[in-house]
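Undergrad:
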Amino acid sequence: MRLQQGPLLSDLGLEHHRCLQVDLHLDQEAEADPVTGRLRRHIADRSGSAAVEFALLLPLVLALLFSVFEAGWIMTQSIMLDRGLSRASRAVQIGTTAMTYTQYKQKVCDEAFILANCEKALRLELTPIDTAADFPTSTTPCVDRSVAIDPVTTYQSGQTSQLVFARACFVVDPMVPGIGYGLSVPKDNTGAMRLTSSFAFVNEPI
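Just so you know, UniProt numbering puts 138 at position 138 of the sequence shown, and the rest follows in order with no gaps.
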């Protein structure tokens, strides 16, 4: 093997020689300024990018998850309110025993057993119907939790073979009021949602 003496950069050409000189010059400047070097290394570091993406997406995922649970729970309570009202109204319909307002409410709560604090959060209304004008046109009356008094609404079980229109309103706090569906659902001045139900029946003849 023969060693040929000569300049190391002679065969690289003038352009390559200039590039190497520029790179060496920049490296010398970076070493001369440690703050700039650390800043460049910090900017080039990508080790925390996954944590940033996780922090940005986590609130959206949680909002979607809580919205699904909230909507499902509200639907379940609404279905149970419908069930309780129809089953309790059946007892009034057959007319075996005269039911007071308190007994009627207790019957609804017994049938809709998942409704929390049912007797204090539930308001009922029974209206006999003789003509189309007798149907209530106002919104379903609900319990106002901001006042201590809860007046009894219309409660008339009607006569035999008479059409009766029943309405119920149950107020409940959302599980997560500040996220997703719980944030957008309409609420009263106490922050409670209003679940309503209605049921029409004809009293059995004697």
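Where is the CB? At the ideal position from N, CA and C, for every residue including glycine.
To which residues of the same chain is SER146 closer than 7 angstroms at the C-beta, ignoring the five residues directly before and after it?
TA: Position 146 of the sequence shown, counted from the start, is the residue given in the question as residue 146. Counting only Cβ-Cβ distances below 7 angstroms, and skipping sequence neighbours, we find ASN189 and THR190.
Undergrad: Label PRO174 either buried or exposed according to how many other C-beta atoms from any shown protein chain fall within 10 Å of its C-beta, with 16 as the threshold for buried.
TA: Sequence index remark: in the sequence shown, residue 174 carries index 174 (1-based). That one is buried.
Undergrad: Got a sec, what are the start and stop residues for the beta strand (DSSP E) ALA121 sits in?
TA: Here the question's residue 121 lines up with position 121 in the sequence shown. Premise fails: ALA121 lies in the alpha helix (DSSP H), 118 to 121, not in any beta strand (DSSP E).
Undergrad: Tell me whether the region 131 to 150 and the region 87 to 103 touch, counting them as touching only if at least three CB pairs, one residue from each stretch, are closer than 8 angstroms.
TA: no
Undergrad: Look at the alpha carbon of ASN203 and the alpha carbon of LEU183, and state the distance between them as a whole number of angstroms.
TA: Within the sequence shown, residue 203 is the residue found at index 203, counting from 1. Within the sequence shown, residue 183 is the residue found at index 183, counting from 1. Answer to the nearest angstrom: the Cα atoms are 42 angstroms apart.
Undergrad: Taking 8 angstroms as the threshold, find out whether the region 101 to 120 comes into contact with the region 128 to 136 through three or more Cβ pairs.
TA: no
Undergrad: In chain order, which alpha helix (DSSP H) runs of at least 4 residues are fully inside the region 160 to 200?
TA: For the region 160 to 200, the full-length alpha helix (DSSP H) segments reaching 4 residues or more read 181 to 184 along the chain.
Undergrad: Tell me the DSSP secondary structure of ALA30 in three-state form.
TA: Counting from one through the sequence shown, the residue named residue 30 turns up at place 30. Note on ALA30: pLDDT 47, under 50, position unreliable in the model; the coordinate value appears next. Of the three classes helix, strand and coil, the one that applies to ALA30 here is helix, per DSSP.
Undergrad: Are three or more beta carbon pairs between the region 65 to 75 and the region 152 to 160 nearer than 8 angstroms?
TA: no
Undergrad: Tell me where the alpha helix (DSSP H) around LEU111 begins and ends.
TA: Stepping through the sequence shown from its first residue, residue 111 is reached at position 111. According to the sequence as given, residue 111 is Glu; it is not Leu. Looking at the DSSP string, the run of the alpha helix (DSSP H) that includes GLU111 is 101 to 111.
Undergrad: Figure out for me which residue from VAL171, ARG194 and ALA132 has the closest Cα to the Cα of PHE165.
TA: The residue given as residue 165 occupies position 165 in the sequence shown. Nearest option by C-alpha distance: ALA132.
Undergrad: Using CA coordinates, which residue listed in GLU125, THR196, TYR104 and ALA200 is at the minimum distance from ILE74?
TA: Translated into the one-based positions of the sequence shown, residue 74 becomes position 74. It is THR196 whose Cα lies nearest to the Cα of ILE74.
Undergrad: According to the Cβ coordinates, are PRO130 and GLN162 closer than 9 angstroms?
TA: In the sequence shown, residue 130 corresponds to position 130, counting from 1. In the sequence shown, residue 162 corresponds to position 162, counting from 1. Looking at the sequence provided, one finds Asp at residue 130 rather than Pro. Against a cut-off of 9 angstroms, the Cβ pair of GLN162 and ASP130 comes out as a contact.
Undergrad: Going by C-alpha distance, which of GLY158, CYS169, PRO128 and GLU125 is nearest ASP144?
TA: Numbered from 1 along the sequence shown, position 144 holds the residue referred to as residue 144. When only C-alpha atoms are compared, the closest one is CYS169.
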